[in-house]
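In the numbering used here, the protein residues as written are 98 to 551.
For glycine and all other residues, C-beta sits at the position ideal for the given N, C-alpha and C.
Each remark here refers to the structure printed beneath this line.
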Amino acid sequence: MKTQLRTFALLGNLLFSANSFSESLTAYPGFKNAELCATKVLDFKEGQNVISAIDERCPQAYAPFLYSVTHENQANHHQGDAHYTGDSRPYMSDYSPWEIGKTLNYNFITTLVKDVSTPAISFALDTLNFPGIDITGRDVRNGFLFQGFSDLSINRVSLDKDFYVKLTFKIRGSEVGKSNISNQMDANRLILGILLLWPEAAPRKNQAHFLEFELSRTPDYHKLQTKGVCPSDGFSYELCYNDARPVGEFAEGKYAAINKFLEYKDLTNTPKLDKRIRVIIPLSQYIRNYGWVNPPSDWGLGKLNAVYLGMEGTGSTRLWVDLLDYQLLSGTPKIGAANYPAGIFKVGPKVYLNTASSSYCSLPLPSAFSISQEVVDQAPYAMALPKALRDEGVCKLPKGLYRSDSIGLFSNGSTLCHFKSGAHLMAYGFNQSQYDSAIQIGDYKQYNYKQECP
98 MKTQLRTFAL LGNLLFSANS FSESLTAYPG FKNAELCATK VLDFKEGQNV ISAIDERCPQ
158 AYAPFLYSVT HENQANHHQG DAHYTGDSRP YMSDYSPWEI GKTLNYNFIT TLVKDVSTPA
218 ISFALDTLNF PGIDITGRDV RNGFLFQGFS DLSINRVSLD KDFYVKLTFK IRGSEVGKSN
278 ISNQMDANRL ILGILLLWPE AAPRKNQAHF LEFELSRTPD YHKLQTKGVC PSDGFSYELC
338 YNDARPVGEF AEGKYAAINK FLEYKDLTNT PKLDKRIRVI IPLSQYIRNY GWVNPPSDWG
398 LGKLNAVYLG MEGTGSTRLW VDLLDYQLLS GTPKIGAANY PAGIFKVGPK VYLNTASSSY
458 CSLPLPSAFS ISQEVVDQAP YAMALPKALR DEGVCKLPKG LYRSDSIGLF SNGSTLCHFK
518 SGAHLMAYGF NQSQYDSAIQ IGDYKQYNYK QECP
């Protein structure tokens, strides 16, 4: 969903616990006292359009959750639609009155969690049982139909600050049919998205950068879409988009399936029905650890501008979900050590080794540890470095002979030292052939280097 969502900032509440201090970056933690407002349906026949118009009934004194709908065509735009105006402003009211209560359903509800009444959002998208033509002039099954809620109350913090999101969701129903529309998949997905703003280097004009975590997805959702140019961080994104022109006017974005990360390795694409799934995503660490085609020169120049929760359907499909315990918090979450099994894992392009399930170290050169590139390529990803484990810095090189350009080096398995001459090297039992074939380790001072060998 490439729509730019409007946001307004309110100071968050302060949350205290026995062991920590954290600021809520939303005015409605856990959806408590939250109110819902919708973009209004305008009558295109009267010469009006449906771009970013908020219902007059929406309160102006504070910022609620804003409900919006975007129905893009199969090429992810609106060109050729009945209400297309020729401009590039976001379309956020792509629905007709008949759809509410049928194709589109949403409401705040109260649900029981351990016998405690808990606020929640329940919403559903159903093109399987309620097809028809909407304001775009297309069938609701033709293209990508998104409905979601943007939290307008968030504190728009800079991206050099740490923040994370917590959310519990339950899928009440999910199924796909057969739309029989040419080049059209039948699928759905549930997403948690954020909009980030930073200026790109001149002459580029774009400032909008989207990131969507797919919490669930039916098979082959992106099968007919072009994957696009993704960041060169090695992660297998579902889809990326970026304006490759030098002027760079349009948004950059990427979709990441949450079940590809170590933290959620037990999640399938589509979780079991009626099972509550809790996710904790270290947003700021993910933003900074993983690549962007056009990153900022300084993370302090960027800011969090929107958080939205939504679902998207394409073709003939039905998805019904409850959302609860939504929290947007400052700081970084502590994710249990059990999420990081022994072995190597990656955070962005960097490789790490967890050997004892209590600490980890970085592997700038996996080959020095007899780890092949194939193993590195298949290593699982983590969203952030594990706070539950001890950081031991750069891994200690295994015992043996190494080189840094023409410098000969020896590791005893704990520390690294250099040889002052060929005779010095041979005194340690090495010969010229072993020196010639020794692994090049680059900057040797990043390891536990202790100057000249004794």
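Would you identify the three-state DSSP class for residue i, choosing helix, strand or coil?
i	result
Met480	coil
Val166	strand
Asn146	Note that Asn146 has pLDDT 39, beneath the 50 cutoff, so the model's placement of it is unreliable and the number below is only indicative. Coil at Asn146, not helix or strand.
Glu549	strand
Arg253	coil
Asn386	helix
Met189	coil
Ala465	helix
Val326	coil
Tyr532	helix
Ile151	Model confidence at Ile151 stands at a pLDDT of 48, short of 50, so the residue's coordinates are unreliable; what they give is reported in the following sentence. Looking at Ile151 - three-state DSSP - the assignment turns out to be strand.
Asp237	The sequence as given places Val at residue 237; Asp does not occur at that position. Coil at Val237, not helix or strand.
Gln171	coil
Ile538	coil
Asn285	strand
Asp474	helix
Val357	In the sequence as presented, Val is not what sits at residue 357; that position holds Lys. It is helical.
Got a sec? Which residues, its chain only, sit under 6 Å from residue i by beta carbon, not counting five neighbours each side?
i	result
Ile288	Glu309, Glu311 and Gly407
Glu335	His319, Tyr352 and Ala354
Leu364	Asn356
Thr411	Phe241, Met282 and Ala284
Lys372	none
Excluding the five sequence neighbours on either side, which residues of its own chain have a C-beta within less than 8 Å of the C-beta of residue i, listed in chain order?
i	result
Lys400	Arg253, Val254, Ser255, Leu256, Leu293, Leu294 and Trp295
Ala298	Asn391 and Ser394
Lys302	Val344, Gly345 and Glu346
Lys496	Ser508, Asn509 and Gly510
Can you check whether the CB of residue j is closer than 8 Å to the CB of residue i?
i	j	result
Val491	Gln543	yes
Phe220	Val404	no
Val444	Asn386	yes
Met282	Leu321	yes
Leu133	Phe205	yes
Ile426	Phe162	Position check: residue 426 holds Leu in this sequence, whereas Ile was assumed. No. Outside cutoff.
Gly229	Ser165	no
Asn436	Leu359	yes
Ile291	Thr123	no
Phe442	Ala479	yes
Pro328	Trp396	no
Lys489	Cys458	The amino acid at residue 489 is misidentified as Lys; the sequence shows Glu. Yes. Within cutoff.
Between residue i and chain D, is the shortest Cβ-Cβ distance under 8 Å, so that the two count as touching?
i	result
Thr200	As a matter of chain content, chain D is missing from the structure shown, which is built from one protein chain.
Starting from residue i, follow its DSSP beta bridges and name the residues at the other end.
i	result
Trp195	Looking at the DSSP assignment, Trp195 forms no beta bridge with any residue, so it has no partner.
Val262	Ile378 and Leu425
Trp396	Looking at the DSSP assignment, Trp396 forms no beta bridge with any residue, so it has no partner.
contact_flag[the segment 186–199, the segment 371–391] where n(CB pairs < 8 Å) is 3 or more: no
Inter-stretch contact at 8 Å, needing at least 3 Cβ pairs: the segment 270–277 / the segment 419–429: no
Three or more C-beta pairs below 8 Å linking the segment 239–246 and the segment 168–177: yes
Given 8 Å, three or more beta-carbon pairs between the segment 199–207 and the segment 258–268: no
Meets three-Cβ-pair contact criterion under 8 Å: the segment 500–519 and the segment 531–541: yes
Segment contact, 8 Å Cβ cut-off, at least three pairs: the segment 519–532 with the segment 455–473: no
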